[in-house]
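S.K.:
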Amino acid sequence: MADIEVGGTLIWYYYICPREAWLMGHHIVPDQENDNVSVGRYIGENSYRREKKEIVVGGSKIDVIHMEEGQMIIGEIKKSSKYRKSARMQLAFYLSELKERGINAHGELRFPKEKVREDVILDETTENELIQAQKEILRILYLDTPPFPKKISFCKNCAYAEYCWC
Ligand code: SF4
Numbered sequence: 010m011a012d013i014e015v016g017g018t019l020i021w022y023y024y025i026c027p028r029e030a031w032l033m034g035h036h037i038v039p040d041q042e043n044d045n046v047s048v049g050r051y052i053g054e055n056s057y058r059r060e061k062k063e064i065v066v067g068g069s070k071i072d073v074i075h076m077e078e079g080q081m082i083i084g085e086i087k088k089s090s091k092y093r094k095s096a097r098m099q100l101a102f103y104l105s106e107l108k109e110r111g112i113n114a115h116g117e118l119r120f121p122k123e124k125v126r127e128d129v130i131l132d133e134t135t136e137n138e139l140i141q142a143q144k145e146i147l148r149i150l151y152l153d154t155p156p157f158p159k160k161i162s163f164c165k166n167c168a169y170a171e172y173c174w175c
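Note that the sequence shown covers residues 10 to 175 in our numbering.
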């Protein structure tokens, strides 16, 4: 397998399901017609349109929500808060990508369907956790075969379900 760059999407998948991270990392495309893929894409593309601008940093596309007193506020928009930990770590990863480039940004996680917003900051504990997660993701991606599927609540809506439970 060619060199892999761990991006925010892989962080998101890893915290939900390592098998899913492997499938995504190996460019196995999930079912685009899956309702959850379509709804997630729709919400991502159509929420906060007036505020949002997208920037690309390393392997990540980041939504810039706005500048506030000279500080960049970046956001991540999710369909539901059910996988909050994944979403928080994905956004923390984007903050770390910016920090590496000398930009101190602030994160704002948004769940528009629930009308909820949460702040995300990059503290030392989170930075260390991200380093460990990236190492673990690389270890998983270099496996010749994906980790075995484990039934979790996400499976029933997962676009990769046909790769696991046929
Ligand atoms: S169906 Fe379940 S086990 Fe399979 S990739 Fe999705 S979340 Fe992981």
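Every residue, glycine too, gets a C-beta built ideally from N, C-alpha and C.
1) Relative to the C-alpha of H115, which residue among K124, L100, L139 is closest?
2) Tell me, please, which residues DSSP counts as bridged to H115.
3) Where K160 and C167 are concerned, what is the direct C-alpha to C-alpha distance, given to the nearest angstrom?
4) Using CA atoms only, rank isn't needed, just tell me which of L152, I86, M81 is closest to K122.
5) In the DSSP assignment, what residue or residues form a beta bridge with K62?
6) Over the uninterrupted beta strand (DSSP E) stretch that includes R110, give me the two end residues.
7) Got a list of residues with beta-carbon closer than 7 Å to any non-hydrogen atom of the ligand SF4, in chain order?
8) Rounded to a whole number of angstroms, what is the C-alpha to C-alpha distance between V120 and R93?
9) If you follow the alpha helix (DSSP H) that E145 is part of, which residue opens it and which one closes it?
10) I need the DSSP call for F102, collapsed to helix, strand or coil.
11) Please classify C7: is it buried, with 16 or more other beta-carbons within 10 angstroms of its beta-carbon, or exposed?
12) Which word fits D153, buried or exposed, when buried means at least 16 other C-beta atoms lie within 10 angstroms of its C-beta?
13) Mind reading off the beta-carbon distance from I74 to I82? Whole number of angstroms is fine, and I expect it under 8 Å.
14) In the structure shown, what three-state DSSP assignment does F157 receive?
15) Below 8 Å on the Cβ atoms is my guess for P106 versus S162; work out the distance and round it to an integer in Å.
16) Distance check for E117 and V126, CA to CA, integer angstroms please.
17) Checking 8 Å against the spacing of the C-beta atoms, do M98 and L131 come in under that value?
M.R.: This is what the structure gives:
1) H115 has its Cα closest to that of L100, out of K124, L100, L139.
2) In the DSSP assignment, H115 forms a beta bridge with I82.
3) 11 Å
4) I86
5) As DSSP reads the structure, K62 sits in a beta bridge with V73.
6) First-last for R110: undefined, no H or E at that position.
7) I25, C26, R28, E29, L32, P158, K159, K160, I161, F163, C164, C167, Y169, A170, Y172, C173, W174
8) It should be noted that the sequence gives Phe, not Val, for residue 120. Their Cα atoms are separated by approximately 10 Å.
9) Residues 133-150.
10) helix
11) Summary: the structure shown does not reach residue 7, with the chain confined to residues 10 through 175, and so no result is reported for it.
12) exposed
13) Indeed they touch by this definition, with Cβ atoms about 5 Å apart.
14) Under the three-state reduction of DSSP, F157 is assigned to coil, being neither helix nor strand.
15) Residue 106 is actually Glu in this sequence, not Pro. Incorrect: roughly 29 Å between the Cβ atoms, too far for contact.
16) Looking at the sequence shown, residue 126 is not Val but Arg. Going by C-alpha positions, R126 is about 7 Å away from E117.
17) no
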